[in-house]
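Reading through the structure tokens given below for one structure.
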Amino acid sequence: DQGWAESLHSWGWWGACGGRKSIGHVTLASEAPLNYRVEYSYSDAADLPAPFRSAAEFQSIVNRRLSSFGSGHSAGANFAYADASVRYVSNGIVADILRAMCTRNGSESATALDP
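Heads up: the sequence shown is residues 3 to 117, going by this note's numbering.
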């Protein structure tokens with residue numbers, strides 16, 4: 003099909019959330035920090051850290067971006083919770099707390115995010 007070979011990286015700053023480009027709905031994870039961005043392109047490969055100089059290894063950076071939570075907000079992102087509330091979470095959230103909040107069975111409380 004036309005367009006299936008298109009790189010997800012070429013979709014722009016944030017991937018679309020509908021249709022066949024809705025990868026974020028099923029692949030979000032807490033591996034990367036909130037609002038993680040790819041700060042360089044593969045054309046800059048000579049300047050990249052050693053592990054990312056091959057195209058396949060650089061793709062892991064792009065995949066990390068595509069699976070990270072984020073929004074257009076510069077300091078954090080809004081999250082919808084299972085209780086139907088929406089809360090703003092700061093980019094400064096501790097990585098372990100973000101990981102815990104992304105689990106289903108860990109008995110974590112959303113109050114861990116309160117200042």
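Built from N, CA and C at the ideal position, the CB exists for glycine as well.
Taking the alpha-carbon positions, what's the residue i to residue j distance?
i: E41; j: F60; result: 12 Å
i: S45; j: S56; result: 11 Å
i: R67; j: E33; result: 10 Å
i: D98; j: N107; result: 15 Å
i: F81; j: D49; result: 35 Å
i: S109; j: N65; result: 29 Å
Report yes if the CB atom of residue i is closer than 7 Å to the CB atom of residue j, and no otherwise.
i: S69; j: A31; result: yes
i: G74; j: L36; result: no
i: A79; j: V96; result: no
Mapping DSSP to helix, strand and coil, what is residue i?
i: V64; result: helix
i: A57; result: helix
i: L70; result: Reading the sequence as shown, one finds Ser at residue 70 and not Leu. Strand.
i: S45; result: helix
i: A102; result: helix
i: A77; result: coil
i: A84; result: coil
i: A136; result: Because the chain here runs from 3 to 117, residue 136 falls outside it and cannot be looked at.
By Cβ distance, which residues of its chain are closer than 7 Å to residue i, with the 5 residues on each side in sequence left out?
i: D77; result: Residue 77 is actually Ala in this sequence, not Asp. The residues are S92, N93.
Ignore the nearest five residues each way along the sequence and tell me which others in residue i's own chain have a CB closer than 6 Å to its CB.
i: Y38; result: R67, S70
i: L100; result: S32
i: C104; result: S32
i: D85; result: none
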